[in-house]
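Under the UniProt record's numbering, the first residue of the sequence shown carries the number 1, and numbering increases by one thereafter. For every residue, glycine included, the Cβ atom is placed at its ideal position computed from N, Cα and C. Here is the structure we will look at, set down as C-alpha cells.
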Amino acid sequence: MTRFESVAEAIGGTPLIRLTKTGLRPRIYVKPEWYNPGGSVKDRAALSMLRAAEADGLLRPGGTVVETTSGNTGIGLALYAAHLGYRSVIFTSSSISKEKRDLLVAHGAELRLVDAFVPKSHPDSLKSVAERFVASTPGAWLANQYDNPANPAAHVASTGPEIWADTEGAVTHFVATVGTGGTISGTGRYLKGISGGRVRVIGADPATSSYSGGDGSQKFIEGAGHFVHPLADEDVWPQSLDLSVIDAYESVTDAEAIATIRDVARSEGLLAGGSSGVALTAAFRLAATLTEEDTVVVLLPDSGRAYLSTYYNDDWLLANGFRAESGAVVGDLAAPLRAVGRTRTGASAARELASVIAGDEPVAVLYGRPLPNAAPHHADIAGWTTAARLAEADTAGAAAVATGVRLGAGEPVAAAAARAASLDPDWQVALVLDQGRVSGLVTRARLNAHRVATSGATAAILAPKVATH
Ligand SMILES: Cc1ncc(COP(=O)(O)O)c(C=O)c1O
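Spelled out as C-alpha cells, the structure:
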C-alpha cells in the first residue's frame, strides 16, 4: 500500500487492467482514471492548472477558482481548491448529470447554472457569464481548461510516463476520447516522443463531433467530442488540443458507447462512464484489425457511478430511444420527421409542405443550421408547427410552438401518454427519439386515439366474460 501525505499527492498512478473477455487478439489494457481522488482523469489537469496559476502569480491566497465545465474538471478544481484553501465557483448547465452536480456542491463549490442555449460569443453564454464574473471579482482566476497549456502538460508529466512504464515500453496503440484534447495531446505527445513515433494514437470520437468530421450536433455522452452551437458563426477548437499527435479517429454513436459499457460492466466487472464507452468501442474496433504482437491501452476517463440514473437505467434508456419494449409502441404512431429551418419564410414553407402532408400534420422547426448527415438531436429543434400555422406566419420561427415533451420510440403507448401528461399537462406534440436522435413527431391526439381503440378492444374481449358471472 502506498502512503500519501496529502490528497494532492494521491493523483495519478492509476493502474492498467487487462481485459480478459474480449476474444480479440491484442493485449488490451484499460487505464481506469476513476482511481483518482476526484474520480476522473480531470484531477490531473485540475491540479496542474492550479499549480501553474500559483506559480504565475495568477492565483494568490484568498483567491477564487472559476471554471466552466461539464463536471469532472469542476470536481477536480473544487476538490483541490478546497485542499489548497481557495474558494471555487463553477459555471455549468443543468444538463450535466445530477450526480455530478451534487459532487460539486459536496466539495464546497458554489454552483452557478447557466442554461442559455446560445453560441460561446453571446453575452449570455456559459463562457461570457463566467468571464464577466471573473472580471468583477477581485482575486478570481478562470482555469480555462480549453486553452490552458497546463492541461495537456499534466499528461506529458504523468499519464504518458505511467503507461510507458507499466507496459514496459510494449504499448503500440493508445486510445482516448477528445474533449479539451488535454488527455490525448499530452499522453500522445509523450508516448510518441519516447517510442520514436512508433505508438499510434487514436482519437475515439462521438459520431456527431466535429473533430472527426461529424456535423457538430449535440449528443448524450458527456465530456467527449466537440459540439458546435447551431447558431455559431465558426467552429473554434481548443488550444489544449494538439492535432499533430492524433493518427486516426474512430467515430462512435451514443447507442454504441452505451451498449459497450453495459456489456463491459457485466463481462469484465468494470463499471465505466459514457465517454469510456466511446473509447472502448473505438478500441475494440481497432483491436479487431491487430495481432497478438500489439498492446492497446484505452484510457477510461470516469466511472459509471456518475451515470447510474442515465446509461445504466432502463427507464432512461426507454425514454431516449435506446431500448424498446414489445407491443404497441410510440414509434408505430409517429410521423416521420419533416423539418423546416427557423428563418424560412412561412408562406413558402407552407406551400412546399402542402403538396406532401395535411395542413394540421406537425412539422419540426430547426433551431439553426440544417443537418445533412443525421437525424437531429433534440437540442437542434426549436419546436413544432404545421403547414396551416406556417401559412399565417412571417417565418417558421414565428410559427414554432416549443415542446418540452420527448418520448422514446420504443415506449409502450399507454405508459408514454401518461408520462407525457406528467411532463406537461397541456402537451400537444412530442419529439420521438430513436437511438437518442429525433426520428419523428407524435401528437397527443394520435396517442389517445390509439389508447381508446385498444382499450375498446380489451373491453370487447372482457365483456362476454363479465356477462357469464
Ligand atoms: C467524462 C469525460 N470524458 C472525457 C473527457 C475528455 O478529456 P480531455 O478534456 O482531456 O480531452 C472529459 C473532459 O472533461 C470528461 O469529463
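Below 7 Å CB to CB, which residues in the same chain sit around residue i once its five sequence neighbours on both sides are set aside?
i, result
"isoleucine 11", "Asn36, Pro37, Asp43, Arg44, Leu47"
"leucine 104", "Gly74, Ile75, Ala78, Ile90, Leu111"
"glycine 321", "Gly408, Ala409, Gly410, Leu433, Asp434, Gln435, Gly436"
"proline 230", "Tyr367, Gly368, Arg369, Asp380"
"valine 156", "Gly186, Arg189, Tyr190"
"glycine 404", "Leu423, Asp424"
"alanine 417", "Leu447, Asn448, Arg451"
"threonine 458", "Confidence at threonine 458 is low in this model, with a pLDDT of 47, below 50, so its placement is unreliable and no value can be given for it."
Hey, would you say residue i sits closer than 8 Å to residue j, going by beta carbons?
i, j, result
"leucine 366", "alanine 339", "yes"
"threonine 20", "lysine 31", "no"
"valine 171", "valine 201", "no"
"alanine 350", "alanine 398", "no"
"alanine 287", "valine 278", "no"
"phenylalanine 174", "valine 199", "yes"
"threonine 386", "valine 363", "yes"
"glycine 169", "arginine 60", "no"
"valine 264", "leucine 280", "yes"
"tyrosine 86", "valine 65", "yes"
"threonine 395", "glycine 346", "yes"
Hey, residue i and residue j are a contact pair by Cβ (cut 8 Å); roughly how many whole angstroms apart?
i, j, result
"serine 88", "alanine 109", "5 Å"
"proline 238", "aspartate 294", "Actually they are not in contact, since the Cβ atoms of proline 238 and aspartate 294 sit about 30 Å apart, beyond 8 Å."
"glycine 269", "alanine 257", "So it is not a contact: roughly 19 Å between Cβ atoms."
"threonine 260", "serine 97", "Not really, about 18 Å apart at Cβ, beyond 8 Å."
Give every residue of the same chain whose Cβ lies closer than 6 Å to the Cβ of residue i, excluding the five residues on either side of it in the sequence, and list them in chain order.
i, result
"phenylalanine 4", "Ala10"
"serine 210", "Gly216, His226, Val228, Asp235"
"leucine 50", "Tyr80"
"valine 41", "Glu33, Thr183, Pro301"
"lysine 219", "Pro206, Thr208, Asp254"
"tyrosine 249", "Gly203, Asp205, Ser212"
"tryptophan 164", "Ile194"
So which of the options has the shortest CA-CA distance to residue i?
i, options, result
"glycine 71", "Leu333, Val297, Thr180, Ser212", "Thr180"
"alanine 375", "Ala328, Ala415, Leu431", "Leu431"
"glycine 327", "Ala415, Ala364, Val264", "Ala415"
"lysine 127", "Leu142, Leu16, Glu256, Ser136", "Leu142"
"aspartate 360", "Ile17, Glu222, Arg446, Gly269", "Arg446"
"residue 470", "Gly182, Glu352, Asn448, Thr69", "Nothing can be reported for residue 470, as the shown portion of the chain is limited to 1 through 469."
"alanine 306", "Ile221, Trp384, His450", "Ile221"
"histidine 378", "Ala402, Ala358, Thr395", "Ala402"
"valine 114", "Gly63, Leu271, Thr69, Glu99", "Thr69"
"alanine 153", "Lys98, Gly273, Pro336, Leu241", "Leu241"
"valine 329", "Gly213, Val252, Val442", "Val442"
"arginine 342", "Asp332, Ala400, Arg323", "Ala400"
"alanine 53", "Leu353, Arg406, Gln145, Lys192", "Gln145"
With which residues is residue i paired in a DSSP beta bridge?
i, result
"alanine 31", "Per the sequence shown, residue 31 should be read as lysine rather than alanine. Bridge partners of lysine 31: Leu299."
"proline 362", "Thr386"
"tryptophan 141", "Val65"
"aspartate 434", "Arg437"
"valine 341", "The identity of residue 341 in the sequence shown is glycine, whereas the question assumes valine. According to DSSP, glycine 341 bridges with Leu366."
"histidine 173", "Arg200, Val296"
"aspartate 205", "Ser251"
"threonine 92", "Leu113"
Cutting at 8 Å between CB atoms, please list the residues of its own chain near residue i, excluding the five before and the five after it.
i, result
"alanine 82", "Ser88, His107, Gly108"
At a threshold of 7 Å, does residue i count as lining ligand 3 (C-beta to nearest heavy atom)?
i, result
"asparagine 148", "Absence of ligand 3 is noted for the structure shown, with ligand 1 being the only ligands found."
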